[in-house]
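Q:
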DNA sequence: CGTCTATTTGAATGTACTCAAAAGCGGTGG
DNA sequence: CCACCGCTTTTGAGTACATTCAAATAGACG
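Chains as they are written, first to last, in this note's numbering: chain A, 1 to 202; chain B, 1001 to 1202.
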């Protein structure tokens, strides 16, 4: 009934599994539907699950002391997401993770993840590789925040997530690149002006 | 001759090794001394080594298109450091890694790291855990850059790295928290004023 | 001691934010 | 089907935080 092929494909990019191992892995997953605006994780709660998105899109964000949202990650189809700090410390976390659209996820609980590592050590390798990639992208984010202007970060976002630009409220792009929605609106207006001038000059 | 106990202690926090495994692991390491201002890694070169600092302090930094330095990480004693993007893609990287003081490192080449994973799969677990921790700290860095003012980031830095405040040129702290050295100087002046006023009011 | 680099200071500037108000847009119920 | 409501986006004026540039001062090291 549940289609495990997307997650299997994701995993087999990095490790190969026997039929038994596949069955065992699938048996550890829980399928869940998160409706638009529904939550996977809330701040001040201890996270129990790492999620793999099979359909839809989740986002993780932090709310600061002034009540402003800052989006850390978008997780469209085929992405892994979770509050890793809370997951590894098993302490209450700072992040909220909710659904931008109706979303289907496969959940792996921390207990089952440990079990998986014990029974099928190859998964240590798999998650090591996933973590390497996440680390690279967060590192890039730190670099970009320190070395690029807001306009450059927006241009960057458009290049990196072309599929999200038209599906996402502009506000959320602003919260991701680290500017106010008002300022992003002005940036876009200025870009359009530049574009038009560019065209006229040709 | 080479003292492997610091790195062993670091590893045995997370996994336990047999004598043979220890010997094998040690045989894969290269010892190197990097003098103050010497380089482990230069931008545009493909990284070959992950380093463990047994003594001294390294830093990794990025130089942007305007020639400004942005420090990504300090690696004092007992820390791991490397240009992970270049290491995993085996393409030329963006980072420089150099020594703040004379530094002793143990180097693990990418080839030897793969060999280690093959022969002693427990190391997959070890590096998975190291990566989890790095990821948490880079994630926190993104959060802080988006939600805190420069003054708050500086106060944060002082709390997090008390040992570095007096050993590091102020400039480098500025490049780490993401402000100009001039502005950090002004921030510190203002903090001192506040402190004095605070004292006078009591 | 002299040189080189780091730090401090000040004035002018710029980038991005705040606040307030208007305009646009989508969904829902009558 | 359209009117209304709530939310997003736009716009503008004023402001704040941080940078730039230039010059003076302080510190470190050979």
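Heads up, the beta-carbon is just placed ideally off N, CA and C, and yes, glycines get one too.
Helix, strand or coil, according to DSSP, for residue 1105 of chain B in the structure here?
A: On the second chain, residue 1105 of chain B is found 105 positions in, with the first residue counted as 1. Three-state DSSP puts residue 1105 of chain B in a strand.
Q: Between the C-alpha atoms of residue 178 of chain A and residue 1139 of chain B, what's the straight-line distance to the nearest angstrom?
A: As a position in the first chain, residue 178 of chain A is number 178, starting the count at 1. As a position in the second chain, residue 1139 of chain B is number 139, starting the count at 1. The alpha-carbon atoms of residue 178 of chain A and residue 1139 of chain B are separated by roughly 14 Å.
Q: Quick one: grab the DSSP three-state call for residue 173 of chain A.
A: Start at 1 with the first residue of the first chain, and residue 173 of chain A comes out as number 173. Note: residue 173 of chain A maps to helix in three-state DSSP.
Q: Closest to residue 125 of chain A by C-alpha separation, out of B:1057, B:1133, B:1135 and B:1114, would be which residue?
A: Residue mapping note: residue 125 of chain A aligns to position 125 of the first chain, counting from 1. Residue 125 of chain A has its Cα closest to that of B:1114, out of B:1057, B:1133, B:1135 and B:1114.
Q: With respect to the beta strand (DSSP E) encompassing residue 110 of chain A, which residues constitute its N-terminal and C-terminal limits?
A: Counted from its first residue, the first chain places residue 110 of chain A at position 110. No beta strand (DSSP E) contains residue 110 of chain A, which is instead part of the alpha helix (DSSP H) from 110-119.
Q: Name the DSSP beta bridge partners of residue 73 of chain A, please?
A: Sequence index remark: in the first chain, residue 73 of chain A carries index 73 (1-based). Looking at the DSSP assignment, residue 73 of chain A forms a beta bridge with A:60.
Q: Between the Cα of residue 165 of chain A and the Cα atoms of A:40, A:180, A:188 and A:33, which residue gives the shortest distance?
A: Start at 1 with the first residue of the first chain, and residue 165 of chain A comes out as number 165. Ranking the options by Cα distance to residue 165 of chain A, first place goes to A:188.
Q: Could you list which residues in chain B have their beta carbon closer than 8 Å to that of residue 134 of chain A, in chain order?
A: Counting from 1 along the first chain, the entry for residue 134 of chain A is found at position 134. Chain B residues near residue 134 of chain A: 1135.
Q: Can you find at least 3 beta carbon pairs, one from the region 12-29 of chain A and one from the region 84-104 of chain A, that sit closer than 8 Å?
A: no
Q: For residue 46 of chain A, which option in A:94, A:106 and A:128 has the closest C-alpha, if you only look at C-alpha atoms?
A: For the purposes of this step, residue 46 of chain A is identified with residue 46 of the first chain, where counting begins at 1. Of the candidates A:94, A:106 and A:128, the one whose C-alpha sits nearest the C-alpha of residue 46 of chain A is A:94.
Q: Check whether the Cβ atoms of residue 1161 of chain B and residue 1191 of chain B sit closer than 9 Å, and answer yes or no.
A: In the second chain, counting from the first residue as 1, residue 1161 of chain B sits at position 161. In the second chain, counting from the first residue as 1, residue 1191 of chain B sits at position 191. No.
Q: Would the region 31-51 of chain A and the region 93-113 of chain A be scored as touching if the rule is three or more Cβ pairs under 8 Å?
A: yes
Q: Quickly, what does DSSP pair residue 1050 of chain B with across the bridge? List them, please.
A: Against the second chain, residue 1050 of chain B aligns to sequence position 50. Under DSSP, the beta-bridge partners assigned to residue 1050 of chain B are B:1108.
Q: Give every residue of the same chain whose Cβ lies closer than 7 Å to the Cβ of residue 143 of chain A, excluding the five residues on either side of it in the sequence, and list them in chain order.
A: Position 143 of the first chain, counted from the first residue, corresponds to residue 143 of chain A. Contacts found: none.
Q: Identify the contact partners of residue 1154 of chain B in chain A, using a Cβ-Cβ distance below 8 Å as the criterion.
A: The count along the second chain starts at 1 and reaches residue 1154 of chain B at position 154. Going along chain A, no residue has its Cβ under 8 Å from residue 1154 of chain B, so there is no contact; the nearest lies around 15 Å.
Q: Given a cut-off of 9 Å on the beta-carbon distance, is the pair residue 1058 of chain B and residue 1098 of chain B in contact?
A: For the purposes of this step, residue 1058 of chain B is identified with residue 58 of the second chain, where counting begins at 1. For the purposes of this step, residue 1098 of chain B is identified with residue 98 of the second chain, where counting begins at 1. A contact, by the Cβ cut-off of 9 Å.
Q: Are the C-beta atoms of residue 1040 of chain B and some chain A residue less than 9 Å apart?
A: Along the second chain, read from residue 1 onward, the residue named residue 1040 of chain B stands at position 40. Output row for residue 1040 of chain B: interface = no.
Q: When the Cα of residue 1100 of chain B is compared with those of B:1121, B:1118, B:1076 and B:1120, which residue comes out closest?
A: In the second chain, residue 1100 of chain B corresponds to position 100, counting from 1. Checking every option, the nearest Cα to that of residue 1100 of chain B belongs to B:1076.
Q: Drop a sphere of 10 angstroms on the beta-carbon of residue 1199 of chain B, count the other beta-carbons inside from all chains shown, and report buried for 16 or more, exposed for fewer.
A: Position 199 of the second chain, counting from 1, holds the residue named residue 1199 of chain B. Annotation note: pLDDT 48 at residue 1199 of chain B (below 50); position unreliable, coordinate value reported separately. By the neighbour-count rule (16 or more Cβ atoms within 10 Å), residue 1199 of chain B is not buried but exposed.
Q: Quick one: what does DSSP say residue 1100 of chain B is sitting in, helix, strand or coil?
A: For the purposes of this step, residue 1100 of chain B is taken as residue 100 along the second chain, with counting starting at 1. Reduced to three states, the DSSP call for residue 1100 of chain B is coil.
Q: Which stretch, first to last residue, makes up the beta strand (DSSP E) that contains residue 33 of chain A?
A: For this step, residue 33 of chain A is matched to residue 33 along the first chain. Unbroken beta strand (DSSP E) run through residue 33 of chain A: 29-34.
Q: Which residues in chain A have a C-beta closer than 9 Å to the C-beta of residue 1203 of chain B? List them in chain order.
A: With chain B covering 1001 to 1202 only, the question about residue 1203 of chain B has no answer from this structure.
Q: Residue 15 of chain A to residue 54 of chain A, Cα distance in whole Å?
A: To locate residue 15 of chain A, count along the first chain from 1; it is residue 15. To locate residue 54 of chain A, count along the first chain from 1; it is residue 54. So the alpha carbons of these two residues sit roughly 19 Å apart.
Q: So, residue 80 of chain A versus residue 130 of chain A, is the Cβ gap smaller than 9 Å?
A: Translated into positions along the first chain, residue 80 of chain A becomes position 80. Translated into positions along the first chain, residue 130 of chain A becomes position 130. With contacts defined as CB atoms closer than 9 Å, residue 80 of chain A and residue 130 of chain A qualify as a contacting pair.
Q: Once the 5 residues before and after residue 7 of chain A are set aside, which same chain residues still bring their CB inside 6 Å of it?
A: By one-based count along the first chain, residue 7 of chain A stands at place 7. Contacts found: 52 and 106.
Q: Kindly list, in the order they appear in chain A, the residues whose Cβ is closer than 7 Å to that of residue 1138 of chain B.
A: Start at 1 with the first residue of the second chain, and residue 1138 of chain B comes out as number 138. Ordered by position in chain A, the residues that pass the 7 Å Cβ test against residue 1138 of chain B are 135, 138, 139 and 142.
Q: What does residue 1070 of chain B touch in chain A if you count any residue whose Cβ is under 7 Å from its own?
A: In the second chain, the residue the question calls residue 1070 of chain B occupies position 70. The answer, in chain order, is 143, 146 and 147.
Q: Give every residue of the same chain whose Cβ lies closer than 7 Å to the Cβ of residue 201 of chain A, excluding the five residues on either side of it in the sequence, and list them in chain order.
A: By one-based count along the first chain, residue 201 of chain A stands at place 201. Note that residue 201 of chain A has pLDDT 41, beneath the 50 cutoff, so the model's placement of it is unreliable and the number below is only indicative. Hits under 7 Å: none found.
Q: Do residue 122 of chain A and residue 23 of chain A count as a contact pair if the criterion is CB distance below 9 Å?
A: As a working note, residue 23 of chain A is residue 23 in the first chain. As a working note, residue 122 of chain A is residue 122 in the first chain. No; because the gap between Cβ atoms is not below 9 Å, this pair is not in contact.
Q: Let me make sure I understand the geometry here. Which of B:1092, B:1056 and B:1096 has the alpha-carbon closest to that of residue 1068 of chain B?
A: Working through the second chain from its first residue, we reach residue 1068 of chain B at position 68. Selected option, being the one with the closest Cα: B:1096.
Q: Check the Cβ-Cβ distances between residue 151 of chain A and every residue of chain B, and say whether any is below 9 Å.
A: For the purposes of this step, residue 151 of chain A is taken as residue 151 along the first chain, with counting starting at 1. Output row for residue 151 of chain A: interface = no.
Q: Determine the direct distance from the alpha carbon of residue 1017 of chain B to that of residue 158 of chain A, and round the result to whole angstroms.
A: Here residue 158 of chain A refers to the residue found at position 158 of the first chain. Here residue 1017 of chain B refers to the residue found at position 17 of the second chain. Taking the straight line from one Cα to the other gives about 47 Å.
Q: Could you check which residue in B:1175, B:1149, B:1078 and B:1134 has the C-alpha nearest to that of residue 1009 of chain B?
A: Within the second chain, numbered from 1, the residue matching residue 1009 of chain B stands at position 9. Checking every option, the nearest Cα to that of residue 1009 of chain B belongs to B:1078.
Q: With a threshold of 9 Å between beta carbons, is residue 1181 of chain B in contact with chain A?
A: Start at 1 with the first residue of the second chain, and residue 1181 of chain B comes out as number 181. Not closer than 9 Å to any Cβ of chain A, the Cβ of residue 1181 of chain B fails to qualify, so no.
Q: Which residues bound the beta strand (DSSP E) around residue 1040 of chain B?
A: Taking the first residue of the second chain as 1, we reach residue 1040 of chain B at position 40. Annotation: the continuous beta strand (DSSP E) that includes residue 1040 of chain B extends over 1039-1041.
Q: Note down the Cα distance separating residue 36 of chain A from residue 1012 of chain B, rounded to an integer number of angstroms.
A: Here residue 36 of chain A is taken as the residue at index 36 of the first chain, counted from 1. Here residue 1012 of chain B is taken as the residue at index 12 of the second chain, counted from 1. The alpha-carbon atoms of residue 36 of chain A and residue 1012 of chain B are separated by roughly 44 Å.
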